[in-house]
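Trainee:
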Amino acid sequence: MDWLKLFTWISAAAAVLTAYFGLVLASNLSEPKYLLLLIPAGLLGILARILFSKISRQRLLEQLRRAWGASEKPEKKHNFKEIELYFKLAGKETAFAIDDRTWADLTGDEIFKYIDRTCTVVGQQYLYKLLRTPVFELDELKRRSQLIEIFQSNPGLREQIQVALTKLKDASPTAIEMVWEPPALPSLRYGWAYNLLFYSACAAPVILLFSLPFGVLVVIAIFIINLFIHNKMHKRISGFFHTIRTLTVLVELAGKLAAVQELHRTYDAPRVTNALKRAKGFQRIASTIGLESADPILGSLLQYLSIYFLLDVRGFERAIAQVRQNRSELLCLYQWVGELDALQAAASYRDSLAYYCEPELKIGVSSNDPEKLIGVEMYHPLLREPVPNSLTIGEKGILITGSNMSGKSTFLRTVGVNALFAQSIFTCFARRYSSRFVKLMTVIGRADNLIEGKSYYLVEAQSILRIIKEIETDNKTVIMAIFDEMYRGTNSEERITAGFRVLKFAAQKHTVILAATHDLELTEMLTKQYVNYHFREKIGEYGLEFDYTLKPGPSQTRNAIELLKILGYPKEITG
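Counting in my numbering, the sequence shown runs from 6 upward without gaps.
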């Protein structure tokens, strides 16, 4: 135990003993002067409280420093139904978002678990939304990167922000729903009656000065009436108390963060300042709702006061009105605090990577550069020992062949993840990444839908159709489409025909196409539209061995039967 902890415990013990002896001496000796010992006891108690707070802060800082830039996945629970709330709400107003199929193909939830170093559920929700809504404005991406770099290069400021954010660590995940759709909340009637009872409760104690018995009866009567109303209304509104307290703390936290001068150039300060001014009314009213205390005695006292003055009932009615009036301001503060938390998490994630780069992004379909994409030593962030690969995509698409397990699907995901992160947190898992702004859509993983009774082939056909429609309807934005083994659910003749026609159609001026296939016939049929690459394997001492390195040209090897031999299939099957 260090000296600070020791001194803290000594101060706390001294406070308790001093108060105890003061009360005992005053009682036994009938000397009120000993009650004066309560003054130093109180001062010692305050000192102990300050020291306890300092110790807690030190522990928090040590925890934050250990977690910063750690390569291991953070040990956090993830309830994606709660995390995706903001994305689901904001998606209605977003021009383009990563759809569920593409997010699942890229194992988005697993990647999110690694990057999620947020301090609050507000930051979690904002980070998730950030990753699933690519940005098409270079200035906005550079602004985000500037804030990320501030967190990386200024540990003192970073820790100041992180410590402040922990005040929201117990935030309600449904706070964003209250801000986004406040009209759906229950409205209380008879507000005038609640106000009358409140003023009566305030005036009743005055009667005690003139008639003690009558005053006591009035106070008791008002308390009983208000207790009945409190219990009746509490069932309807108590479920929203946590959410309202979250918004109250959010406004308070935003005010403290707005005072940090180093952050002013990274956000729209006038807009945030105006939002804070407008939200102060909500904060003042909502602070009376659901009063609590860790101290059981103080907690009981606060609860009785809340009942007697109808603080919860009246405060809730007025707080909901404030939410409705200041929806845009509360949403502004939610987004700003969420962004700070999300981007400090992105900064920590950057520092955990072996290497990364900021992307070079070009706007529009037409460009002076013939290359649509350049990736140098790209790797997948979920692999512990990834094999980097480089690729340049020009006017033609990319067609990849290779044996089973050779790395085709992983490489497709690698390109997709880099494209996604380039337009969200301006970070790529590569030495260099250059691309045009793209709308990313994929068909990689197998996706049967047993609940709706859809076969794999039907689900895949519908998924491919959504990409075809996007290519048809939007020729002003570059579409990056990634296909892995198209139409696996049908016979080889129709699979090859359909695959050929889709890939030929997709290879347009405003598209970046990557496709993997086992059908070597396609490598010859699509030479005008696609450049061939492959992954290769060899038979080694321990069976099939892969180097996971992308090589030019179509594949010349097959391993399906050889794999069956290695697994121990009978010779009658393997030949």
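All residues carry an ideal CB built from backbone N, CA and C; glycine is no exception.
1) Whether or not the segment 72-92 and the segment 304-324 are in contact is what I'm after, with contact meaning three or more pairs of Cβ atoms, one per stretch, closer than 8 Å; do they touch?
2) With a threshold of 16 other CB atoms inside 10 Å of the CB of Ala299, please say whether the residue is buried or exposed.
3) Leaving out five residues before and five after Thr107 in sequence, what residues of the same chain have Cβ atoms less than 7 Å from its Cβ?
4) For chain C, find out if any of its Cβ atoms is closer than 8 Å to the Cβ of Ala206; answer yes or no.
5) If you drop the 5 nearest sequence neighbours on each side, which residues of the same chain put their C-beta closer than 6 Å to that of Phe156?
6) Drop a sphere of 10 angstroms on the beta-carbon of Gln561, count the other beta-carbons inside from all chains shown, and report buried for 16 or more, exposed for fewer.
7) Please state whether DSSP places Lys444 in a helix, a strand or coil.
8) On the CB-based measure, 16 or more other CB atoms within 10 Å of its CB, does Ser429 come out buried or exposed?
9) From the DSSP output, which residues share a beta bridge with His247?
10) So, do the segment 409-417 and the segment 460-474 have three or more beta carbon pairs nearer to each other than 8 Å?
11) Is Tyr313 closer than 8 Å to Asn231 when the C-beta atoms are compared?
12) Based on DSSP bridge pairs, tell me the residues matched to Ser439.
13) Quick one: is Asn454 buried, meaning 16 or more other Cβ sit within 10 Å of its Cβ, or exposed?
14) Do you know whose CA, among Pro275, His539, Gln63 and Ala17, lies nearest Gly50's CA?
15) I'd like the span of the alpha helix (DSSP H) that includes Phe117, first residue to last.
16) For Phe488, write down the residues that DSSP places opposite it in a beta bridge.
17) Could you name the residues that DSSP lists as bridge partners for Phe582?
18) If I measure Cβ to Cβ from Arg500 and keep anything under 8 Å in the same chain, skipping five residues before and after, which residues do I get?
19) How many Å lie between Met383 and Ala424 at the Cα?
20) With H, G and I counted as helix, E and B as strand and the rest as coil, what does DSSP make of Ser395?
21) Using only alpha-carbon positions, find the residue among Asp7, Tyr91, Ala102 and Pro37 that is nearest to Phe57.
22) Which of the three DSSP states is assigned to Lys285 in this structure?
23) Leaving out five residues on either side along the sequence, give the residues of the same chain with a beta carbon under 6 Å from the beta carbon of Leu396.
24) Give me whichever residues DSSP pairs with Glu577 in a beta bridge.
25) Cα separation between Leu388 and His239?
26) Using the beta-carbon count (16 or more within 10 Å), is His235 buried or exposed?
27) Which residues in the same chain as Lys82 place their Cβ atom closer than 8 Å to its Cβ, once the five residues preceding and following it in sequence are excluded?
28) Kindly confirm or deny that the segment 331-347 and the segment 251-261 touch, where touching means at least three C-beta pairs closer than 8 Å.
29) According to DSSP, simplified to helix, strand and coil, what is Cys433?
30) Which residue marks the beginning of the alpha helix (DSSP H) containing Cys124, and which one marks its end?
31) Could you give the distance in angstroms between the alpha-carbon of Asp317 and the alpha-carbon of Ser311?
32) Go ahead and pull the three-state DSSP assignment for Lys556.
33) Skipping 5 residues on each side, what residues in its chain have a beta carbon closer than 7 Å to that of Asn331?
34) Between which two residues does the alpha helix (DSSP H) holding Asp346 run?
35) With a threshold of 8 Å on Cβ separation, who are the neighbours of Lys147 within its own chain once the five nearest residues in sequence on each side are excluded?
36) To the nearest angstrom, how far is it from the Cα of Ile55 to the Cα of Ile15?
Mentor: Judging by the given coordinates:
1) In short, these stretches do not touch, since the Cβ pair count stays below three.
2) Confidence is the limiting factor: at Ala299 the pLDDT is only 45, short of 50, which leaves the residue's position unreliable, though a coordinate-based value still follows. Residue environment for Ala299: exposed (fewer than 16 other C-beta atoms within 10 angstroms of its C-beta).
3) Taken in chain order, the residues that qualify are Leu445, Met446 and Thr447.
4) Reference to chain C is not applicable here, since this structure consists of a single protein chain.
5) Arg163, Gln349 and Ala352, listed in sequence order.
6) With a threshold of 16 other beta carbon atoms within 10 Å, Gln561 falls short and is exposed.
7) Three-state DSSP puts Lys444 in a strand.
8) Label assigned to Ser429: buried.
9) Bridge partners of His247: none, in fact.
10) As far as the Cβ criterion goes, the segment 409-417 does not touch the segment 460-474, which means the pair count is below three.
11) Going by C-beta atoms, Asn231 is nearer than 8 Å to Tyr313.
12) When beta bridges are read from the DSSP output, Ser439 appears opposite Glu365 and Ile379.
13) Any reading at Asn454 must be qualified, since the residue scores a pLDDT of 46, below 50, and its modelled position is unreliable; no value is offered.
14) Closest by alpha carbon: Ala17.
15) Here the alpha helix (DSSP H) through Phe117 covers Gly113 to Ile120.
16) Residue pairing by DSSP places Phe488 opposite Val448 and Ala520 in a beta bridge.
17) Residue 582 falls outside the range modelled here, since the chain spans only 6 to 580, and no answer is possible.
18) Here the set comprises Met491, Tyr492, Arg493 and Asp524.
19) Between the C-alpha atoms of Met383 and Ala424 there is a straight-line separation of about 11 Å.
20) Of the three classes helix, strand and coil, the one that applies to Ser395 here is strand, per DSSP.
21) Out of Asp7, Tyr91, Ala102 and Pro37, the CA that lies nearest to the CA of Phe57 is found in Asp7.
22) Reduced to three states, the DSSP call for Lys285 is helix.
23) Within the same chain, Leu396 has close Cβ partners Gly380.
24) Beta-bridge partners of Glu577 (DSSP): none assigned.
25) In this structure, the straight-line span from the alpha carbon of Leu388 to that of His239 is close to 51 Å.
26) Burial state of His235 is buried, judged by a 10 Å Cβ sphere holding 16 or more other Cβ atoms.
27) Excluding the 5 residues flanking it on each side, Lys82 has no same chain C-beta neighbour closer than 8 Å.
28) They touch, by the three-pair rule.
29) If DSSP states are grouped into helix, strand and coil, Cys433 belongs with the strands.
30) No alpha helix (DSSP H) holds Cys124; DSSP gives it neither H nor E.
31) Each residue's alpha carbon lies about 6 Å from the other.
32) DSSP places Lys556 in strand when its eight states are reduced to three.
33) Arg283, Ala284 and Phe287, listed in sequence order.
34) If you look at Asp346, you'll find it in the alpha helix (DSSP H) that goes Arg332 to Ser357.
35) So the qualifying residues of the chain are Phe431.
36) So the alpha carbons of these two residues sit roughly 13 Å apart.
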